Each structure stands twice: as structure tokens, then as C-alpha cells.
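Asks:
Residue numbers (the working numbering), protein chains in the order written: chain A, 21 to 509; chain B, 21 to 509.
1) Pick out the complete alpha helix (DSSP H) segments inside the region 102–134 of chain B, 4 residues or longer, and give them in chain order.
2) If you check the beta carbons only, do residue 117(B) and residue 434(A) fall under 7 Å apart?
3) Can you tell which of 47(B), 507(B), 377(B) and 48(B) has its C-alpha closest to the C-alpha of residue 297(B)?
4) Rounded C-beta distance between residue 271(B) and residue 126(B)? I'm assuming under 8 Å.
5) Determine the chain A residues that contact residue 404(B) at a beta-carbon separation under 8 Å, and present them in chain order.
6) Evaluate the contact criterion for the region 314–322 of chain A versus the region 363–379 of chain A: three or more CB pairs, one atom per stretch, below 8 Å.
7) Taking only beta-carbon positions, decide if residue 24(B) is within less than 7 Å of chain A.
8) When DSSP labels each residue in this structure, what does residue 419(B) get in the three-state scheme?
9) Using the rule of at least 16 other Cβ atoms within 10 Å of the residue's Cβ for burial, across every protein chain shown, is residue 173(B) buried or exposed?
10) When the Cα of residue 49(A) is compared with those of 224(A), 284(A) and 121(A), which residue comes out closest?
11) What's the C-alpha gap between residue 340(A) and residue 461(A)?
12) Let's test the definition: count the other Cβ atoms within 10 Å of the Cβ of residue 343(B) and tell me whether it reaches 16, buried, or not, exposed.
13) Could you pull out every unbroken beta strand (DSSP E) segment of at least 3 residues lying fully inside the region 329–397 of chain A, listed in chain order?
14) Should residue 111(A) go down as buried or exposed, given a rule of 16 or more other Cβ atoms within 10 Å for buried?
15) At 4 residues or longer, what runs of the alpha helix (DSSP H) sit wholly inside the region 439–499 of chain A?
16) Between which residues of its own chain and residue 479(B) is the CB-CB distance below 6 Å, once the five residues before and five after are set aside?
17) Within the 7 Å Cβ cut-off, does residue 287(A) reach chain B?
18) How many Å lie between residue 305(A) and residue 468(A) at the Cα?
19) Is it the case that the region 70–84 of chain A contacts the region 412–429 of chain A, given that we only count it when at least three CB pairs across the two stretches are under 8 Å?
20) Any beta carbon of chain A sitting closer than 7 Å to that of residue 264(B)?
21) Quick one, which residues of the region 385–401 of chain A are near chain B if we go by CB-CB under 7 Å, in chain order?
22) Are residue 268(B) and residue 453(B) closer than 7 Å when you measure CB to CB?
23) What are the start and end residues of the beta strand (DSSP E) that includes residue 304(A)?
24) Between the alpha carbons of residue 47(A) and residue 70(A), how many angstroms are there, rounded?
25) Any chance the CB of residue 218(A) is under 6 Å from a heavy atom of the ligand ZN?
26) Looking at the C-beta of residue 379(B), does it have a partner C-beta in chain A at a distance below 7 Å?
27) Checking the sheet assignment: what are the DSSP bridge partners for residue 51(A)?
28) Looking at C-beta atoms only, is the number of pairs between the region 372–379 of chain A and the region 420–431 of chain A that lie closer than 8 Å three or more?
29) To the nearest angstrom, report how far apart residue 224(B) and residue 456(B) are at their CA atoms.
30) Taking the continuous beta strand (DSSP E) assigned at residue 511(B), which residues delimit it?
31) Quick check: what's the CA-CA separation for residue 63(B) versus residue 122(B)?
32) Under a CB-based cut-off of 7 Å, is residue 256(A) close to chain B?
33) What separation, rounded to the nearest whole angstrom, lies between the Cα atoms of residue 451(A) and residue 347(A)?
34) I want to see whether chain A comes within less than 7 Å of residue 246(B), judged by CB atoms only; does it?
35) Looking at the C-beta of residue 193(A), does it have a partner C-beta in chain B at a distance below 7 Å?
36) What residue does the beta strand (DSSP E) around residue 66(B) start on, and which one ends it?
Shown next as C-alpha cells:
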């Protein structure tokens, strides 16, 4: 029989039917919460989702023309043209194909997917201390790096230091292996690679042509591109990577459509009282205060906000919440009047730089259309993010354009409008992707406080991906079900 | 100013206006011919395209339900369901983004493009002598191969054999470079890579988890995957790669739409008489014989067929035509009732095997739909192609399915119908991709015989790509224009 879940996919969640009337309060309406609500509802639980913002999706945020960006102290109204291709995935933007659970839901719910180009050999790198700050196609650097590594490796072929004794035939195979890997010449030297690094002139695609002169070892080492950007295409986000057609929030919409009447927005939780029998949640909506009660509460309110909600959690849990880190990832989006990058042969993917913007990302959709939205800066480290987000909205755009000129000299002239999102300043959020690797901390974050369970990627060892939030929901639901089966009620 | 043609793009063709009435006969209606006809027409030449088949596009052939495959001795009617996602690009199927000329025409003519996933780390490899013939995700092999190469390279760090003297700081950088490249541990050993090779179980995406045990050097060497398939994603078809939305023949259609009334199908050339003043071409259509005359003749009839057309070419040219090789590439397409591969996390790309089928290719479009068309075999070498194409249409399907079971155990049960194309047996073609690297031969193939010029990828040093046919057209048009400018008339 065909192996349908190979390569480490966990099986789909299969909840048993609810044992009698069970009402579950779910706080927050990110993807993890919506998945939990949908699965519980399917199993016969009644669910109520409370979301403090006036929108759903949490860090799945697709910004289109006319949308308000609710960043504290920096409210913006997006000025993009009204065009289905012109959107900005301000949070999550790509789905690795090893994210089996999320992709299963998308398949089930009919969320159309298309390829997301992540690693693009044709995109650029530009490092201020590398070759006078000039940009270069990534394919050149990558091919030359492989050549260098393979050439170094080839020098060990005749030595006696290999793990296992090699026969002559083995040694010959290893020599061929190294040669193929680096595109070395028969003398095991790397002298450039036309097919990998790109050709001189137009040659090679019609006439024969020579190789480009490879980068020297010193040149290769002088650019920080190899520190991580060069390996980005080898990582979890290696090809193939997907995106929903039309924007990441198509996932939110598809899940929400399964929960008619179960989701309340603009409902800010102000108190949580949990016990071994129930959980009471008090929230404010339209100026009034309401208290609701549930058999369980699944709570994806980010730790940094939850610690400010009146609660009766244990001291250990409260202490931990008060110390939760707040990720600072920020992005700026630029509407460009012309897709000039496609005329350069760059169709999607990422160009890399050591300037604060870090990268420029190109859309993987709408090829050949007139206009496009670039991610003009993706501020991952707290230094660049802080420098970026303390600027006004206008200054952010100006600095992103100025820095991006290294990758695209003159490109500011195509700029039409832009907007930016700083996750650690976004209302109802104040942070993102607090990646936690400490097992003890994870253990506390995952512990039930009475009938209250923390939800979201914040309880995962792999925060920052939707898949982590989905697996967190599954983990919590499995624990809830075990408790029910054990007769907790 | 922005550099609009960086990285080796040749400038667009700019023909001068025709000097008076000039009529050009164009033989064959592949992409190169259509580009030549369109460019000449734009410059004021009158053009007439004669095509022997009843369809346009040459080796740009998209097969849909109901289409006839005109293979000699093996006529087939494609049985695919009538669905825009269900098509088979039997010839050209992908466009590297360095193919600037073709992409410029597509942009100009509004041919919508989308990503084509070529290298997919999630796809499989299966070699009968590797690990008992069991399939493996390519990501595992690739990560472990990088690890091996990097670990070998790391052993040279302390030696004195490097090209340039290294400072301690340089050596430290090189150590980091090698470590990053291979994902080595601090002791410069490769012990597996969770982020690259994939994780054990579901771990790592929610809980921490360990690395898979890496392949040993002997295991790595035992699979021919590294001979070329492993490097396929580094080659000219490296990411990003494109495809026209809806099938490769959207390019043909867009070009043909520029040439209303200028193209005659079912018109088989039987004689060519060339001189220094004109070219006369005799062809048969609807049982009648016609002779037309042109100031020039641009001829993309494949060499192997042209040598059978009555002609007055020079002896040297005739001799060469008679010896033209005939490429044997063949493909089989399988309509599958379920896109089972997407449930395995394989969204496009290629799985590789050492069986005759060589590869299985998955569609990069229509994700999440119910059905899909697989390329169930791609017979590149003449041995496998000959074994394949001497079978009946039914035997081809059966053998492809049987061999593909190595990559997808049990997958035959999803099979609904299929068809195949053997280019060396296709009517009006009898070959494909005769790649020529001999400079002397290319020189003869490119020489004018009176007013007759050979056209098509067959005069390129890089045959087998549409871009080569486009550059060939540009090359011929530039020579024609020079001749006109020199007052050849």
C-alpha cells in the first residue's frame, strides 16, 4: 500500500466525540486557535473564540490597499492599488512542504496553493565590504563556493586519513564525486562553471563561451553571505515552498468559514479565573464587560500580554509569563510602478545584503504584470529592527529605499507607496516568534493551570511557523482529550 | 540609471526597416521561425510561413484530452479529462530565467508565467543498488553529501597547502565557512543536519528532536544520484524556473496571433532552389503542388528531414545535413486520479531513479486539485529511449508504471490513462535536440546557401532550449540585415 505519511508527517488529529455538553473558550483567533476551535467543533464540543483585535489571523496578516496597520504610535493606511496581485504578507509568508499538518488543512478546506520561490540563484547579493559593495548574482558565489570546498576536499583523496580504507575503485568514485560536486576540471581544480555561475556575455546560449573568473578564496571569505544566507535554500524553507494564492490570509478565511457565529472580534480579555472544574473569562466589548464560563480555556494570548491580564495562575506560571521574550521582526513593503526586477531575470526569491534591510524579497506571483509589491526590508535581528522601528513611517520607507539602492541602483524611481509592520509594536501583539529552546521553560508553558491551557507557537520548540501553532493545538487537544477520557469532569 | 540587462542578457533585436519590398519564406513554424517572422513583419518585410504539420510550435507541444499524437507507427489520441490543469508538455516544459530573449517576448506578448519547480528537496531518489532499492528524500542525500565534502575539506585547514598564506583570522573564517557549508559540528564532524536532511518523527517542529543518522561515505558513493541528478538544481535550470500558465503552447499561440494570414499548415516542402538573388520553394498542400519565391528563405526544417528535400545546396552543406544526428528524447505522461504525491509533501519537481524511466516529474500547477498529470518517464539516453519507444503505446505505459513503483510503491492504482511521445519517431520531426559542439560544423550550418539560411536551435551550440532557437533567429536576422545593408539586392 502507498505510504501516505512518509518523511515524518504525524498522523492527522482524530478527536473522539465529546462526552456530553462541553463548552470550550478559545482566546485569540490566530491559526492555532482556529484549528483548535474547528477540531473541537467537529468532535461535538461547543466553542467560543474571543479575539481582541478587529481582525482574525494573528501574525497571518495580509495587507491590501485601504487596510489599516494597527501599529501603536504608527497607525498607517495602506495605499496599494486595488489589485489582487498587490498584497503584502506582513507576517507569515511561506509554507515549507514539510509542514504536513497545515497543508492537510489547506487541502481539506480548498485553500489554493502555488509555488513560493524562496532561494533564487538569479537574485543578488550585496555586501558593503565585498568587491567594493557591488552586487553579484548569487549563482556566481554559490558555484564558486562549491568549487572551493570541492577543491579543498579533493586534496584529501590521496591521504590516508579517510574513515574507512578505500579501494582504488572507491577512490576513483570519490574523485568523481568531488569533481561533480564542485564542477572541477580533470586536474581537480575549480576554474569557474559556465552552467552554474552563468556565462560570459550571451555566449553559451548560442555560441560557445568561456567561464567567468572565479572568486578567490579571499574574496569568498570577505562576504558574510556564506554565514547563513548562502545556506538558506538548504534549510527548512528549501524548495519546494508554497504560498496560498491571493495571500496568506486565505488560510484564515477558510478556517473562519468553518466557525460561523463562533468568533467574536473586538473582545479584549481582562481577567481569567481557572480551577479544576471550569474557567471563567472576563472581556470587554463595545464598552461593556462580560464574563463567560467554559469547561476548558485554550489560550493563545501572547505571553507578554497574558502576563498583564488579571489571573489566578500559579506563581511559577506567572513568573514565566512575565519574562517571555518579545520578538522584533519587522518588514517594509514597497509598491513599485514597474516590475524592473523581472527584466533582470529575477522572478521571486530573495536578494541579500549586510545593510539593515537584510534582504529584498520579490513576489512569486503576478509575473509579467505591470506593478508589484517588494518586501524592501526584513529586519530580523533586534539591532536593525530597533533602528528601523523607531523611525516614522516615512523615514522607514526612505531608509529602506536608500539602503536597497545597493542591490538595485536607481530603483527608488519606481517607488509609488509603501507601508511597514513592526511586530513588537503591533496592537494586540507586542511581539512575535519568541523562540524557546529551554526544555524546562517549555514544560511550564505547556502545563495546564486548572482547566486553562496555553496555545500557539509560543509553547513549541519551533516558534515562528504556522505549523508549530497547528502542532501546538494538536498537542493541547490530545491532552484535553486524555483528561476527558480519564474522567476529569 | 538602472541596469536593465545585467548578467549577460543580450540587447533586444532591433531590425532596420526593410529596404523596399522584401518577401521572406520561412519554413517550419517552431518558436524560432515564428519569432523570425514576427520580427521581419514588424520591420516591414512580407513573410510567409510554411509548416508541414497541421499544428504550430514544433517541439513546443502541449497535449490535452482529445489531441492526436502524430508519432509514426504509434498514433495516439490523448484520453486526459477535459480540464485546464491536465496537460502534458511533451517537448519543452520549463524556462530558465537566464533565457532573457524568450522571456522578453513572453512579457511583450502577455504570456502569463508562473514558477516551475525543478529541483525539489522533498522529491525522492531511488537507485536499485542503493540501500536495497528503497527510496529516500533527496534532501537527506544532499545534506549528507554536503556534510561529507565539507568534512573532507575541513581536514586541509591545518595544512600548508592552501594557495595563499592564511592568517589565523583567515583560517578561522575558512573553518567557519566550511562548518556552515556542511552543517558540521564544532569538532568539524558531520553528524547529520536536522534543518537540512529533515527531522526524525515529527520532532523539531514542535518538540526538540535528534538528527537522522547520516549516510556513510560508502553509501553515498553507492548511488549514482550524485553523478548528475544531485547537481541538476545547480545547472542552467537552477531556481527560479518558469512555465507559461496553461501550457507551453501559450507561447506559440501568442506569437501566431501576431501573424494573421501569414502561416500555412499542412504544407510540406519538397524542393528548395536557392541562388544569390532569390529562393524558390515548392511544397504540397491538399494534394496540389505550389511553388513560391522569396528574396530570402529562413529554414528551420530539421537537418535530418531537410537532407531528404530536393535541393541545390553546396556539396559540403548537403553532406553535413545527411549526417545530422537525431536526438531520441521520449516522455510518457500519466493521468493520475489522485495527486497522492502532494500528500507526501511533493509539490512539483523531479524524483530520480536509475531505471529506464530516469525520472518522475510532478506538476508545479493545480496544487490541491483532485487529479494531475505526471511525467512518468523521461528517456534521455538513447538506450532507454530505444527500449521504450520500440514498445507499443500500451507496453510503454505498463513499463513506466512498473518501473515507477520503485519511487511510489503501489502508485499504479491511481493510473487512469496515459500517452507518450518519442521525438525521433514524431511525424515532421524524426528527432530532437541534436546538440552540436564542433565549431567547424556550426560554421557550415550557419553559412548562407545563396539566399537560404538554416534556422532553429540546430544552428546553436546550445540546442534543446527555446532560447537557442530565438538567439538563432536573431543571429540569422542580423546577418540578413547586414547583407541588405551591404546592398545584396
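Glycine included, each C-beta is placed from N, C-alpha and C at the ideal position.
Model, not experiment: these values are computed from the prediction.
Replies: Reading it off the structure:
1) 120–129
2) Within the second chain, residue 117(B) is the residue found at index 97, counting from 1. Within the first chain, residue 434(A) is the residue found at index 414, counting from 1. 7 Å or more divides the Cβ of residue 117(B) from the Cβ of residue 434(A).
3) As a working note, residue 297(B) is residue 277 in the second chain. Of the listed residues, the one whose Cα sits closest to residue 297(B) is 507(B).
4) For the purposes of this step, residue 271(B) is identified with residue 251 of the second chain, where counting begins at 1. For the purposes of this step, residue 126(B) is identified with residue 106 of the second chain, where counting begins at 1. About 6 Å separates the two Cβ atoms, so the contact holds.
5) Indexing the second chain from 1 puts residue 404(B) at position 384. Taking a Cβ-Cβ threshold of 8 Å, none of the residues of chain A is close to residue 404(B); the smallest such distance is about 21 Å.
6) no
7) Reading the second chain from its first residue, position 4 is the one you call residue 24(B). Legend: pLDDT at residue 24(B) = 42, less than 50; position of this residue unreliable, value from coordinates given subsequently. Closer than 7 Å to some Cβ of chain A, the Cβ of residue 24(B) qualifies, so yes.
8) Translated into positions along the second chain, residue 419(B) becomes position 399. Correct three-state label for residue 419(B): helix.
9) As a first step, residue 173(B) must be located in the second chain, where it is residue number 153. Burial call: buried.
10) For the purposes of this step, residue 49(A) is identified with residue 29 of the first chain, where counting begins at 1. Taking only the C-alpha atoms, the option nearest residue 49(A) is 284(A).
11) The residue labelled residue 340(A) in the question sits at position 320 within the first chain. The residue labelled residue 461(A) in the question sits at position 441 within the first chain. The alpha-carbon atoms of residue 340(A) and residue 461(A) are separated by roughly 8 Å.
12) For this step, residue 343(B) is matched to residue 323 along the second chain. Residue 343(B) comes out exposed.
13) 350–356, 369–373 and 379–382
14) Taking the first residue of the first chain as 1, we reach residue 111(A) at position 91. Counting Cβ neighbours within 10 Å, residue 111(A) comes out buried, since at least 16 surround it.
15) Whole alpha helix (DSSP H) segments, 4+ residues: 459–465.
16) Here residue 479(B) refers to the residue found at position 459 when the second chain is read from its first residue. Excluding sequence neighbours, residue 479(B) sits near 465, 466 and 492.
17) What you label residue 287(A) is simply residue 267 of the first chain in a count that begins at 1. No, because no Cβ of chain B sits closer than 7 Å to the Cβ of residue 287(A).
18) Numbered from its first residue, the first chain carries residue 305(A) at position 285. Numbered from its first residue, the first chain carries residue 468(A) at position 448. Roughly 27 Å between the two C-alpha positions.
19) no
20) Within the second chain, residue 264(B) is the residue found at index 244, counting from 1. It does not; no Cβ of chain A falls within 7 Å.
21) 387 and 388
22) For the purposes of this step, residue 268(B) is identified with residue 248 of the second chain, where counting begins at 1. For the purposes of this step, residue 453(B) is identified with residue 433 of the second chain, where counting begins at 1. Taking 7 Å as the Cβ cut-off, residue 268(B) and residue 453(B) do not qualify as a contacting pair.
23) Sequence index remark: in the first chain, residue 304(A) carries index 284 (1-based). That run of the beta strand (DSSP E) goes 299–305.
24) Walking along the first chain from the start, residue 47(A) turns up at place 27. Walking along the first chain from the start, residue 70(A) turns up at place 50. Taking the straight line joining both Cα atoms gives about 5 Å.
25) Ligands in the displayed structure: none, and consequently the ligand ZN is not present.
26) Here the question's residue 379(B) lines up with position 359 in the second chain. No, its Cβ sits nowhere closer than 7 Å to a Cβ of chain A.
27) Position 31 of the first chain, counted from the start, is the residue given in the question as residue 51(A). DSSP lists no partner for residue 51(A).
28) yes
29) The sequence position of residue 224(B) within the second chain is 204, counting from 1. The sequence position of residue 456(B) within the second chain is 436, counting from 1. Their backbone Cα atoms lie some 50 Å apart in a straight line.
30) Residue coverage of chain B in this structure runs from 21 to 509, which leaves residue 511(B) outside it and unanswerable.
31) Stepping through the second chain from its first residue, residue 63(B) is reached at position 43. Stepping through the second chain from its first residue, residue 122(B) is reached at position 102. Each residue's Cα considered, the two are about 19 Å apart.
32) Taking the first residue of the first chain as 1, we reach residue 256(A) at position 236. Yes, residue 256(A) lies at the interface with chain B (some Cβ there is under 7 Å from its Cβ).
33) Taking the first chain and counting its residues from 1, the one referred to as residue 451(A) is at position 431. Taking the first chain and counting its residues from 1, the one referred to as residue 347(A) is at position 327. Taking the straight line from one Cα to the other gives about 5 Å.
34) In the second chain, counting from the first residue as 1, residue 246(B) sits at position 226. Yes - at least one Cβ of chain A is within 7 Å of the one on residue 246(B).
35) Residue numbering aside, residue 193(A) sits at position 173 when the first chain is read from its first letter. True, the Cβ-Cβ gap to chain B drops below 7 Å.
36) Looking up residue 66(B) in the second chain gives position 46. Note, residue 66(B): beta strand (DSSP E), 66–70.
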